[in-house]
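From first to last, the protein sequence lines stand for chains A and B.
Under the numbering used here, the letters of the first sequence match residues 73 to 423, in that order.
Under the numbering used here, the letters of the second sequence match residues 73 to 423, in that order.
Idealized CB from N, CA, C, for every residue including glycine.
For clarity, every value in this text was computed on a predicted model and none was experimentally measured.
Notes for the one structure printed next.
There are 2 protein chains.
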Amino acid sequence: MVMRVGTIGTGFIVDRFLNALKLLKSQGGSISCEAVYSRSEQNGRALADRHGVARVYTDLEAFMESPEIDFVYVASPNGLHFMHSRMALLHGKHVICEKSFTSNGREARELTSLAAEKQLFLFEAIITLHMPNYIWIQENINKLGRMRLFQGNFSKYSTRYDDYKAGKNPNIFNPDFSGGALMDLNVYNIEAALGLFGKPESVHYFCNKADNGIDLSGTVILTYPDFLCECTAAKDCNANQFVSIHGEDGSFYSPYAPSFFTDVRAEINGRDSVTVNGQLMDQPMYYELEWFLKLFERGDLAECQRWYDMIHLVMDVMDEARRSAGIIFAADCKAQQPLCGKGEFEDGPSE
Amino acid sequence: MVMRVGTIGTGFIVDRFLNALKLLKSQGGSISCEAVYSRSEQNGRALADRHGVARVYTDLEAFMESPEIDFVYVASPNGLHFMHSRMALLHGKHVICEKSFTSNGREARELTSLAAEKQLFLFEAIITLHMPNYIWIQENINKLGRMRLFQGNFSKYSTRYDDYKAGKNPNIFNPDFSGGALMDLNVYNIEAALGLFGKPESVHYFCNKADNGIDLSGTVILTYPDFLCECTAAKDCNANQFVSIHGEDGSFYSPYAPSFFTDVRAEINGRDSVTVNGQLMDQPMYYELEWFLKLFERGDLAECQRWYDMIHLVMDVMDEARRSAGIIFAADCKAQQPLCGKGEFEDGPSE
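Written as C-alpha cells, this is what we have:
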C-alpha cells in the first residue's frame, strides 16, 4: 500500500520533507507526494515543480477532499497545526504534523483522541527522536552512571526577528500563531530530554520577552529527583549550539544543534573519547519518515498510539513552561477551534 | 613599602598564589612571603621549603601576632574564611581572602566594616575579575548590542567527591565548612556575570543535592530586565567548560572555565571571528596580586573599599541562590563567629 501524501505549507521544511520522501522512494519505499496545498497558486506551483508533484490546490476544502491522498503533512504555522490536522482527520486522512505538535496539551489530546476514534495514523514530525545518534544515546545512557546534567542550546538569530523589529508581525513572533523561541526551537531540547528521562518533577521557564509577550529567548529548567535539564533556545541572538549530557561516570557531547545530535563524543570514566555518527546529515527528516512508513505498512496503529504519551507529555511540559513565564497564546483562550477556515496564514517557513 | 605576606592553608591554591607572588617579585614588585601557617608542621614545612619561606607557624595566635607579616592570605576552607580574616583584622593585619569570600552576606559586611573601621586593606582573591581578557570583555560588552544570554559552565568531577561517597566527609562537601558546587565553582560564573551586569532582578538556584544537603551541581539563573544569565557548575560530573555571552549583534565565547576567560572568540554582526588573548595562563593569580600590590603601594584604601559593593553583591546573590534551593550552612545559624579557635580544619585545598 503506497503512502500517498499531500502537503500543507511551502516553507523550507516542506522542501526538506519532500527531499527525504524522494530518498526513501529511491530506496524502494512505497511513498509518493501527490498534491501540495498553498493559498498562493504561485508558491504552490513553484513547490510542486521543484519536486515533480502533479497537483496544486489553493482551496483547503478541495485539498482535504482530494481522493488521491491519504496522508496530510501539516507544515503550517504552529497555531494552525491543530485546525489543519483536525480537518484532515475529519476528512478521513492520516496526518503527519510538524513540531510543535499543537499550541497546547488540550489540543494535542483532542487530536490524538480523534485519530484513535477514527483509526487513523497521527504522527508528530520531530526529527530528533528518530535520529540514529539519538537512539544510540537512549540505548547507552545508563553507561553514564547517575545522571547529573543535560544542557542543550539551540540559539539562532532569526531573520524574521529583523522583520518583527521592523513592525512586520511575522507568525513566528506572533502569539496568535503560537510563535516564540520555546515552540520553535526549544521544543527540540525538550523532546530530547523527555525522550531520555520522561516526566520531570518540575518545569520552570525564564525568558526574554518581546513587547507582544512572545518569548525571544530563554531557558527551561526541568528538574528530576537527582538531576537537571537546562534547555536553552534563542531567536534573538546567535549562540554556540550544543547538547551536553553528563552523568557521574561520563558524558555525551554534540557540538551541534539538539535537533541532530551530530558527531556525538562519548567519554566514559575519562577514557579516550569515541565519536559516534551513524546518520545522514543532509536528509535529517529521512529517519522519521522511514519510521512512519514502516508503521503504516504494518498497519501498526497500536504502536502509533503508544507515541501519544510522548506527544501529550511534551505539550504538557511546554504548557507548564509557558504558565511559569506567563506566555499565553490565542489558542489557549479558545474552547474549540473552528473546523475549517480560509487558512489565514502566511505560507512562510515555520523555521 | 614591601607587602609582607603570611599564608593560611596548604592547598594547591597557596602554591599558585606563591608562584604568582614570585613572578611579581621577579619583575620588581615589592612583595614577599615571610611565613606560612599550617596545623601540620610537616605540611607547613613542605610548603615553606617549596617556596623558600623562612617561617612556619603551627600556632594560629602566634602566626597572627607575628611582627614580620602585615598581610594575611586566607586560603582555608570557605567556612573558616570569616574567622581567619576577622582574626587577622583584629590583629591589625591586612587581608587577602580567597573566594568564596565568606559563608554569607552578613559575614562579608562584618568583615568589610571592620576593615574600614581599622583602615586596613581587605581584598577578595577572585582571579576572574582581574584577568585581562575579562576586563577586555567589560570594556567591549556594549559592542554586542542588546544583551540576551550569558551562559557559563564550570563543571569538574572532584576527586573529593569519591571521598565523600566513601564516607570521608571532606570539607568541600560539608555544610559545616560552607562547601558545595555553588561556593566552590559557580562563584566564578556569578562573579563574572555580576561584574558585567550588576545586580539582577531575581536569583533562582536549581541543584542536585547530596544526602547531607550540600549542592553537588546545579544552575543559578539570574534574570535582568531583558536578558538572562545561566551559571552552571558541577563537582559530581565532568562537563564542557565554557563561557558564552550573547547580544543581538554578536557574541564572546571562551571554550574554557569561567575563571580564566581564555581565548575569547569575539564575533560582531556575523563578521569573521577574532580571538582575544592578552594574558598569562600559567600564572592566573598574577593579575589580582599585581592589583592588590598597586593599591597597597598607593595607600589607596578608598579604591579598596569601592570593591566592597561587589563583595556584598556577590555574597547576597549567593545567599539568595541558597535560599531558593534550601541550602543552609552552619555559619548561617551563628550570630557571632568565635574570634579564635584551634583551626579545626584540614589543610587541604579548597579546590
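Simplified DSSP state of residue 262 (chain A), which is helix, strand or coil: Helix.
Have a look at residue 410 (chain B) and residue 341 (chain B) and give me their C-alpha separation to the nearest angstrom. For residue 410 (chain B), the predicted structure reports a pLDDT of 44, less than 50, and the residue's modelled location is therefore unreliable. The matter cannot be settled from this model.
For the alpha helix (DSSP H) containing residue 185 (chain A), list its first residue and its last residue. That run of the alpha helix (DSSP H) goes 177-190.
Which parts of the stretch 200-268 of chain A are runs of the alpha helix (DSSP H), unbroken and 4 residues or longer, counting only runs that do not cross its ends? The qualifying runs are 204-212, 231-237.
Are the stretch 300-318 of chain A and the stretch 305-320 of chain B touching by the rule of at least three beta carbon pairs closer than 8 Å? Contact holds: three or more Cβ-Cβ distances are below 8 Å.
Runs of 4 residues minimum, wholly inside the stretch 114-178 of chain B: which ones carry the alpha helix (DSSP H) assignment? For the stretch 114-178 of chain B, whole alpha helix (DSSP H) runs of length 4 or above, ordered along the chain, are 132-137, 150-162.
Rounded to the nearest angstrom, how far is the Cβ of residue 324 (chain A) from that of residue 207 (chain A), given a contact under 8 Å? Their Cβ separation, rounded to whole angstroms, is 13 Å, which puts residue 324 (chain A) and residue 207 (chain A) out of contact at 8 Å.
Excluding the 5 residues preceding and the 5 following residue 379 (chain B) in the sequence, name in chain order all residues of the same chain whose CB lies nearer than 8 Å to its CB. The beta carbon of residue 379 (chain B) is closer than 8 Å to those of 195, 196 in its chain, skipping five residues each way along the sequence.
Alpha carbon to alpha carbon, what distance is there between residue 93 (chain A) and residue 150 (chain A)? For residue 150 (chain A) and residue 93 (chain A), the distance between alpha carbons rounds to 22 Å.
By a C-beta neighbour count over all protein chains shown, 10 Å radius and 16 as the cutoff for buried, is residue 290 (chain B) buried or exposed? Residue environment analysis places residue 290 (chain B) among the buried positions, since at least 16 neighbouring C-beta atoms fall within 10 angstroms of its C-beta.
Flag residue 74 (chain B) as yes if its beta-carbon sits less than 8 Å from any beta-carbon of chain A, otherwise no. So, not an interface residue.
In chain order, what residues of the stretch 302-321 of chain A put their CB closer than 8 Å to some CB of chain B? Those residues of the stretch 302-321 of chain A that come within reach of chain B (Cβ to Cβ, closer than 8 Å) are 302, 304, 306, 308, 309, 310, 311, 312, 314, 316, 318, 319, 320.
Under a three-way DSSP split, which group does residue 328 (chain A) fall into? DSSP places residue 328 (chain A) outside both helix and strand once states are collapsed to three, so it counts as coil.
For residue 405 (chain A), count neighbouring C-beta atoms within 10 Å of its own C-beta (all shown protein chains included) and say buried if the count is 16 or more, exposed if not. Counting every other CB atom within 10 Å of its CB across the protein chains shown gives residue 405 (chain A) a total below 16, marking it as exposed.
Contacts around residue 144 (chain A), its chain only, beta-carbon distance under 6 Å, and the 5 residues preceding and following it disregarded: Within the same chain, 78, 160, 165, 167 come within 6 Å of residue 144 (chain A) by CB-CB distance, once the 5 residues on both sides are set aside.
Backbone secondary structure at residue 311 (chain B) - three-state DSSP: Residue 311 (chain B): coil per DSSP, three-state reduction.
Cutoff 8 Å: residue 230 (chain B) Cβ touching any chain A Cβ: For residue 230 (chain B), the answer is no, since every Cβ of chain A falls outside 8 Å of its Cβ.
Quick one: measure Cβ to Cβ for residue 106 (chain B) and residue 130 (chain B), integer angstroms, because I've assumed they're closer than 8 Å. Taking a contact as a CB-CB distance under 8 Å, the pair residue 106 (chain B) and residue 130 (chain B) does not count as one, their CB atoms being some 16 Å apart.
Candidates B:268, B:240, B:355: which alpha carbon is nearest residue 214 (chain B)'s? For residue 214 (chain B), the nearest C-alpha among the options comes from B:268.
Just the C-alpha distance for residue 205 (chain A) and residue 191 (chain A), rounded to the nearest angstrom, thanks. Counting only the Cα atoms, residue 191 (chain A) lies some 32 Å from residue 205 (chain A).
Tell me the rounded alpha-carbon separation between residue 347 (chain A) and residue 232 (chain A). Roughly 35 Å between the two C-alpha positions.
Same chain, Cβ closer than 7 Å to residue 220 (chain B), five either side skipped, listed in chain order: 299, 318, 319, 320.
Which of the three DSSP states, helix, strand or coil, is assigned to residue 91 (chain A)? For residue 91 (chain A), the three-state secondary structure derived from DSSP is helix.
Residue 209 (chain B): contacting residues in chain A (beta-carbon distance under 7 Å): Ordered by position in chain A, no residue passes the 7 Å Cβ test against residue 209 (chain B), which lies about 16 Å from the chain.
Any 3 or more C-beta pairs closer than 8 Å across the stretch 86-101 of chain A and the stretch 350-361 of chain A: In short, these stretches touch, since the Cβ pair count reaches three.
Neighbour list for residue 391 (chain B) in chain A, Cβ cutoff strictly below 9 Å: The premise fails here: residue 391 (chain B) is roughly 20 Å from chain A at the closest Cβ pair, so nothing lies under 9 Å.
Taking 8 Å as the threshold (beta carbon to beta carbon), is residue 298 (chain A) in contact with chain B? For residue 298 (chain A), the answer is yes, since a Cβ of chain B falls inside 8 Å of its Cβ.
Given residue 74 (chain B) as reference, the closest of B:153, B:96, B:81, B:83 once Cα atoms are compared: Nearest of B:153, B:96, B:81, B:83 to residue 74 (chain B), Cα basis: B:96.
Less than 6 Å between C-beta atoms, sequence neighbours within five positions excluded: which residues of the same chain meet that for residue 257 (chain B)? Within the same chain, residue 257 (chain B) has close Cβ partners 226, 305.
Beta-carbon neighbours of residue 227 (chain B), restricted to chain A and to distances below 8 Å: Close partners of residue 227 (chain B) in chain A (Cβ separation under 8 Å): 221, 318.
Give the interface partners of residue 396 (chain A) over in chain B, defined as CB-CB distance under 9 Å, in chain order. At a C-beta separation below 9 Å, residue 396 (chain A) has no neighbours in chain B, since its nearest C-beta there lies roughly 11 Å away.
Can you list the residues of chain B that residue 323 (chain A) reaches, using a CB-CB cut of under 9 Å? Correct list: 309, 310, 311, 312.
Tell me the DSSP bridge mates of residue 336 (chain B)? Answer by DSSP bridge pairing, in chain order: B:348.
Under 9 Å (Cβ pairs) to chain B, residues found in the stretch 245-262 of chain A: Cβ contacts with chain B come from no residue of the stretch 245-262 of chain A.
For residue 382 (chain B), which residues does DSSP report across the bridge? Paired residues: none, contrary to the question.
Output the distance between the C-alpha atoms of residue 133 (chain B) and residue 148 (chain B), rounded to the nearest integer angstrom. When rounded, the distance between both Cα atoms is 15 Å.
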